[in-house]
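Single-structure report; data block below.
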Amino acid sequence: MANKLILEVVTPSRQVVSDEVDLATAPGTDGVFGVMANHAPLLATLQIGEMHYEKDGEVVRLAVSGGFCEVSNNRMTILAEAAERSEEIDIDRALRAKERAERRLQEAEARKAEIDLARAKAAMTRALVRLKIAQQKQS
Amino acid sequence: MASLKDIQLKIVGVKKTEQITKAMNMVAAAKLRGAQSRMEEFRPYAEKFGSVMGELAGGTNPASFPLMEIRENIKKVALVIVTSDRGLCGAFNANIINASEKFFASQSEKGRQTAAICIGRKGSSYFEKSPVEVIYKMTDCMADIQMFNAKQVGQKLIQLFLDGVIDEAHVIYGRFINVAVQKPAIRRLLPISQEGLEEGAEAEKEGPTAAYIYEPEPEAILNQLMPMFINVQIMHAMLETGASEQAARMTAMDNATRACKDMIENLTLAYNKARQGAITTELMDIVGGAEALKG
């Protein structure tokens, strides 16, 4: 058997992925990184973004937000606050979230409320990532 | 003695109550299954989180993290009280409230001020009427427990701690031991204790762990993960209370149904006695009348 990496993506409400994969990438705080089998132990925090993994030539994309990633003993565990496969993403909801975030962004800028601004920006990024991944699937 | 009609009405009433408690028992049983599975689904996440935190905190200096700062002069202690939104679950909420009161009393003895943060309507409505200060409350969130609810409370707590409003924070919740037993349990949330973290790491040691590559530095990772760790603990407390609530309601309703059955039995007995008594008096009247005619 070729060397495989066990990938687990866990969120507070469910286990999203539990599979043997050839390659996985994740959006680290310091930049996107890729992990293959027999990777050295690694612990990294994640930012809101897109991750994907490859299994037998098939690519699966997911939107993840927040959390961290641990690699040890050929096992990669991603603990995210939320994670969705591309086909699970509700495009309407993401679009609504984007509009809401746009509105909040303007409001926060007008009031110079930094916390609100940061929150609105994070919401915006989440919505954009979801939309991007969902649309990639369709095209 | 109550009349036949009165007893009959009472029996009908108790029977209706029995129907309701029986239905509530079944609903609680179904909800318990859901709540329990949510609790179990959350467990791997919480355990992993704890073990990684322990791993990280092991080699670092606690003094360098504001959320781990143990303050010498503790002026104010906050208690996050997680209760259910709804009643009719026996002494479940009362137990949590009593344990909270005890906690407050012991803190006051040490000359510390106390404050409550209430999750769940039962606790909020009680503590709003009591002299204890309620800093923050969140109700109607126990039916559908979501991470962002826990996050809201966690953020509030961290802000209060960093602003120096509170010097310590604990959480009290209904710990789910099994379907029959739920006990209030208290855990310290802030400052995050190193021992608590390392305990988590011990639990999941599988062979020698090699040195990790950290990205970014361990300190930066910890700073990012600590607030999330608080959220995870609050979430855990909420999920446990949620499951305990349903289990407590199930037992309470089961007891109520049984009490109803007992009552119906006693009332039926009383009814039959009264009916028999009425027949006897009637017979006596007839016999007496017949005797009188004969004479």
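Chains as they are written, first to last, in this note's numbering: chain A, 1 to 139; chain B, 1001 to 1295.
Cβ coordinates follow ideal geometry from the N, Cα and C atoms, glycine included.
According to DSSP, which residues form a beta bridge with residue i?
{"i": "N15(A)", "result": "Note on identity: in this sequence residue 15(A) is Gln, with Asn being the wrong assignment. For Q15(A), which the question treats as bridged, DSSP gives the partners V10(A)."}
{"i": "A1185(B)", "result": "Y1173(B)"}
{"i": "C1141(B)", "result": "Per DSSP, none; premise fails for C1141(B)."}
{"i": "F1103(B)", "result": "Per DSSP, none; premise fails for F1103(B)."}
{"i": "S65(A)", "result": "A82(A)"}
{"i": "C1118(B)", "result": "I1081(B), K1137(B)"}
{"i": "S1125(B)", "result": "DSSP output for S1125(B) lists no bridge partner at all."}
{"i": "T29(A)", "result": "DSSP output for T29(A) lists no bridge partner at all."}
{"i": "T45(A)", "result": "F68(A)"}
{"i": "M1238(B)", "result": "DSSP lists no partner for M1238(B)."}
{"i": "K141(A)", "result": "The displayed coordinates of chain A run from 1 to 139. Any statement about residue 141(A) would go beyond what the structure contains."}
{"i": "V21(A)", "result": "L5(A)"}
{"i": "K1076(B)", "result": "Q1113(B)"}
{"i": "E1215(B)", "result": "A44(A)"}
Take residue i and list the residues in its own chain whose beta-carbon comes closer than 6 Å to its own, dropping the five residues that flank it on each side.
{"i": "Q135(A)", "result": "none"}
{"i": "F1065(B)", "result": "none"}
{"i": "H1236(B)", "result": "A1046"}
{"i": "K1137(B)", "result": "C1118, S1124"}
{"i": "S1244(B)", "result": "G1174, F1176, Q1182"}
{"i": "R126(A)", "result": "I48, S65"}
{"i": "F1229(B)", "result": "M1053"}
{"i": "K1151(B)", "result": "N1231"}
{"i": "A1035(B)", "result": "G1242, A1243, Q1246"}
{"i": "F1049(B)", "result": "V1232"}
Output yes or no for whether 8 Å exceeds the beta carbon distance between residue i and residue j.
{"i": "E54(A)", "j": "D22(A)", "result": "yes"}
{"i": "I1011(B)", "j": "A1274(B)", "result": "no"}
{"i": "T1251(B)", "j": "G1090(B)", "result": "yes"}
{"i": "I1172(B)", "j": "I1186(B)", "result": "yes"}
{"i": "L140(A)", "j": "E84(A)", "result": "No statement about residue 140(A) is possible, as the shown extent of chain A runs from 1 to 139 and does not include it."}
{"i": "N1067(B)", "j": "I1135(B)", "result": "Reading off the sequence, residue 1067(B) comes out as Leu, not Asn. Going by C-beta atoms, L1067(B) is not nearer than 8 Å to I1135(B)."}
{"i": "K121(A)", "j": "L105(A)", "result": "yes"}
{"i": "L5(A)", "j": "M36(A)", "result": "yes"}
{"i": "P41(A)", "j": "F1042(B)", "result": "no"}
{"i": "A97(A)", "j": "A113(A)", "result": "no"}
{"i": "R1112(B)", "j": "I1074(B)", "result": "yes"}
{"i": "P1216(B)", "j": "A1099(B)", "result": "no"}
Considering only residues of the same chain and omitting the five flanking positions on each side of residue i, which have a CB-CB separation below 7 Å?
{"i": "L79(A)", "result": "V10, G67, F68"}
{"i": "I1166(B)", "result": "K1076, V1077, A1078, A1115, L1160"}
{"i": "T1257(B)", "result": "E1018, T1021, K1022, N1025"}
{"i": "I1221(B)", "result": "L1056, Y1214"}
{"i": "E1282(B)", "result": "none"}
{"i": "D1254(B)", "result": "N1025"}
{"i": "T1139(B)", "result": "D1085, G1120, R1121, S1124"}
Which term fits residue i, buried or exposed, when burial requires 16 or more other beta carbons within 10 angstroms of its beta carbon?
{"i": "F1148(B)", "result": "exposed"}
{"i": "M1026(B)", "result": "exposed"}
{"i": "V1080(B)", "result": "buried"}
{"i": "N1093(B)", "result": "buried"}
{"i": "K1205(B)", "result": "Note that K1205(B) scores 47 on pLDDT, short of 50, meaning its location in the model is unreliable and no value can be drawn from it."}
{"i": "G1054(B)", "result": "buried"}
{"i": "N1231(B)", "result": "buried"}
{"i": "P1131(B)", "result": "exposed"}
{"i": "T77(A)", "result": "buried"}
{"i": "L43(A)", "result": "buried"}
{"i": "S1051(B)", "result": "buried"}
{"i": "A1143(B)", "result": "exposed"}
{"i": "A1105(B)", "result": "exposed"}
{"i": "G1013(B)", "result": "exposed"}
{"i": "E1168(B)", "result": "buried"}
{"i": "A110(A)", "result": "exposed"}
{"i": "L1189(B)", "result": "buried"}
{"i": "E59(A)", "result": "Reading off the sequence shown, one finds Val at residue 59(A), where the question assumed Glu. Under this definition V59(A) is an exposed residue."}
{"i": "R103(A)", "result": "exposed"}
{"i": "T1083(B)", "result": "buried"}
Verify the contact flag: residue i, CB atom, against every heavy atom of the ligand PLP, threshold strictly below 7 Å.
{"i": "A1023(B)", "result": "In terms of ligand content, the structure shown is empty, and the ligand PLP therefore cannot be addressed."}
Quick one: what's got a C-beta closer than 8 Å to residue i's C-beta in the same chain, skipping five residues either side?
{"i": "P27(A)", "result": "L46, Q47, I48, G49, E50, M51, V64"}
{"i": "V32(A)", "result": "T25, A26, G49"}
{"i": "V1179(B)", "result": "L1032, A1247, M1250, T1251"}
{"i": "I1145(B)", "result": "R1038, M1235, M1238, L1239, G1242"}
{"i": "G1087(B)", "result": "N1093, K1122"}
{"i": "L1004(B)", "result": "Y1271, A1274, R1275, A1278"}
Which residues, taken in chain order from the region 40-60 of chain A, show a beta carbon closer than 9 Å to some beta carbon of chain B? For the region 40-60 of chain A, which is checked against every Cβ of chain B, the residues closer than 9 Å are A40, P41, L42, L43, A44, T45.
Just by C-beta distance, which residues in the region 1043-1055 of chain B are closer than 7 Å to chain A? Within the region 1043-1055 of chain B, the residues whose Cβ lies closer than 7 Å to some Cβ of chain A are P1044, Y1045, K1048, F1049, V1052, listed in chain order.
Quick one: which residues of the region 1208-1226 of chain B get their C-beta closer than 9 Å to a C-beta of chain A? List them in chain order. Those residues of the region 1208-1226 of chain B that come within reach of chain A (Cβ to Cβ, closer than 9 Å) are T1209, A1210, A1211, Y1212, I1213, Y1214, E1215, P1216, P1218, A1220, I1221, Q1224, L1225.
Interfacial residues, the region 7-19 of chain A to chain B, with Cβ spacing under 8 Å: Of all residues in the region 7-19 of chain A, V10, T11, P12, S13, R14, Q15 have a Cβ within less than 8 Å of some Cβ in chain B.
Residues, ordered as in the chain, of the region 76-89 of chain A that lie near chain B by beta-carbon distance below 9 Å: Flagged, chain order: T77, L79, E81, A82.
Using a beta-carbon distance cut-off of less than 8 Å, what residues from the region 112-128 of chain A approach chain B? Residues of the region 112-128 of chain A with a C-beta atom less than 8 Å from some C-beta of chain B do not occur.
Which residues, in order along the region 1024-1041 of chain B, keep a beta-carbon less than 8 Å from a beta-carbon of chain A? Against chain A - using a Cβ distance shorter than 8 Å - the residues of the region 1024-1041 of chain B are R1038, E1041.
Near-chain B residues of the region 20-41 of chain A - C-beta to any C-beta below 7 Å: Look at the region 20-41 of chain A: the residues with a C-beta under 7 Å from a C-beta of chain B are G28, T29, D30, A40, P41.
Taking only beta carbons into account, state which residues of the region 1141-1159 of chain B come closer than 8 Å to chain A, listed in chain order. Per Cβ criterion, the list reads M1147.
Anything in the region 1234-1251 of chain B with a Cβ closer than 7 Å to a Cβ of chain A? List those residues in chain order, please. If the cut-off is 7 Å between Cβ atoms, the region 1234-1251 of chain B has M1235 near chain A.
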